[in-house]
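When we follow UniProt numbering, the leftmost residue of the sequence shown carries the number 1, and every step to the right adds one. The C-beta atom is built at its ideal place from N, Cα and C for all residues, glycine as well. Note that the structure is a prediction, hence the values are computed from the model and not measured.
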Amino acid sequence: MPKNVVNPEFLSILEKMPSFDGLSGRSLPEVREIFMTSVRLIEGRPLPDVETQEEYVPGPAGAPDVRVLIYRPRVRRPNAPAIVYIHGGGLVSGHPEVDDPKCQVLASKMGFVIVSVDYRLAPEVKYPGAIEDCYAVLKWVHDSAAGLGINRDKVAVAGESAGGGLSAALALMARDRKEYKLAYQLLIYPMLDDRTATKVDPAPDFGEYVWTRSANKYAWEAYLGVTAGGDDTPAYAAAARARDLSGLPPAFIGVGSMDLFLCEDLDYSRRLMAAGVPTEVMVVPGAYHVFDMFVPNAELSRRFMDAYCAGLKRTLGL
């Protein structure tokens with residue numbers, strides 16, 4: 001796909017981006033260094049009206065405690081809305097600090113208490129380690145609602161890329177286990193379907209920039225521990241595998257027009273709507289994967305964030 005289809009505001013950063021191709025031939029430290037090289041391109045600064053706190057919360061049965069970062073406005077308000085935020089990194093890399101800029105803006109702009117999850121990574125810990133860590137944090141958020149000053153009825157889940165996929169899976173898990181209710185799912189170019197890693201059609205040219213087909217295949221197989229695209233992938237690993245999407249919380253799904261995940265994200269959106277789930281979809285023209293993280297001040301990046309913030313406000317009655 002030629003670069004002249006890339007929105008001009010997103011072009012310059014492409015020259016600085018490392019290649020995610022060929023991950024399967026690299027050592028795990030090299031894979032994670034490639035990711036961190038790209039993360040270093042993200043610019044952000046602490047916001048004076050937001051405080052950040054590190055905590056360790058009880059993990060799943062028999063597993064270690066889960067580290068979280070909690071972002072909240074310094075001027076607290078009672079019964080605040082909350083977000084369980086899940087970082088990206090292809091399920092094999094990343095940590096909550098990657099999302100510092102976004103989480104600080106959400107806490108400052110929207111008044112959310114945000115609990116960002118440092119879940120265990122593959123391949124050291126395969127499925128279901130990451131999603132069970134996220135569920136343990138959802139449990140802690142509900143159990144600690146009084147101390148956190150949050151409203152249990154206004155807890156959303158959000159994440160980008162792999163974190164968006166985990167967010168969708170967490171919404172499914174919360175629905176099925178019937179212990180905690182989520183009010184909203186914010187899925188930012190989510191990684192939903194391991195079958196995308198093994199098929200060329202449709203859209204063979206998508207995923208040329210940043211997150212590529214080979215990187216996607218490597219990540220899914222590291223997480224699943226088996227070949228991607230098989231018949232037995234669980235829905236809590238890849239949310240697109242869920243047969244029944246009814247009863248899920250309202251959703252926002254946003255993705256770039258050049259993103260490898262465009263087709264799977266649009267298909268999931270269509271299926272949510274067909275299941276009666278209120279769903280807003282936004283496709284950003286000329287945008288590749290994680291465009292808004294690398295060029296947050298671009299006009300389209302600002303419009304993108306404004307759109308999902310409006311969705312949160314509207315659904316949660318803020």
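Assignment of beta strand (DSSP E) within the region 32-93, counting only whole runs of 3 or more residues, yields 50-57, 66-73, 80-86 in chain order.
In terms of Cβ geometry, Met258 and Tyr189 do not form a close pair [threshold 8 angstroms].
Pairing Leu245 with Leu272 gives a Cβ-Cβ distance under 8 angstroms. Between Ile83 and Ala156, the C-beta spacing is below 8 angstroms.
Sequence-distant partners of Pro285 (beyond 5 residues in either direction) whose C-beta falls short of 6 angstroms from its own C-beta, in its chain, are Ser257. Its chain contains Asp292 as the residues whose beta carbon lies nearer than 7 angstroms to that of Met305, once the 5 sequence neighbours on both sides are disregarded; these appear in chain order. A check of alpha carbon separations from Pro249 across Ala238, Asp231, Leu316 identifies Leu316 as the nearest. In the structure shown, the three-state DSSP call for Asn7 is coil. Asp133 and Leu14 have their C-alpha atoms roughly 33 angstroms apart. With contacts defined by Cβ atoms closer than 8 angstroms, Gly88 and Gly159 form a contacting pair. Going by DSSP, Gly163 is part of the alpha helix (DSSP H) stretching over 162-177. When DSSP states are grouped into helix, strand and coil, Asp118 belongs to the strand group. In this structure, the alpha-carbon of Gly22 lies about 7 angstroms from that of Ala215.
Residue range 129-143 is occupied by the alpha helix (DSSP H) that includes Val141. A Cβ-Cβ separation of about 6 angstroms places Val137 in contact with Val68 under the 8 angstroms criterion. Setting aside the 5 residues that flank it on each side, Asp65 is surrounded in the same chain by Tyr56, Val57, Pro58, Gly59, each with a C-beta closer than 8 angstroms to its C-beta; the list follows chain order.
Judged by DSSP in its simplified three-state form, Thr196 adopts helix. The three-state reading of DSSP puts Arg243 in coil, since its state is none of H, G, I, E or B.
In this structure, Trp211 sits away from His95, with a CB-CB distance that is not shorter than 8 angstroms. Gln185 is bridged by DSSP to Val157, Ala251. Under the 8 angstroms Cβ criterion, the region 165-172 does not count as touching the region 97-110, having fewer than three qualifying pairs. Cβ-Cβ distances below 7 angstroms link Glu264 to Leu192, Asp193, Thr196, Ala240 in the same chain, with the five nearest sequence neighbours on each side left out; the list follows chain order. Contact annotation, Phe206 with Leu262: C-beta distance approximately 6 angstroms; criterion of less than 8 angstroms satisfied. In this structure Asn151 touches Ala80 by the C-beta definition: roughly 7 angstroms separates them, less than 8 angstroms. Between Ala222 and Leu121, the alpha-carbon positions lie close to 9 angstroms from each other. Contact between Tyr308 and Phe252 holds, since their C-beta atoms are separated by about 5 angstroms, short of 8 angstroms.
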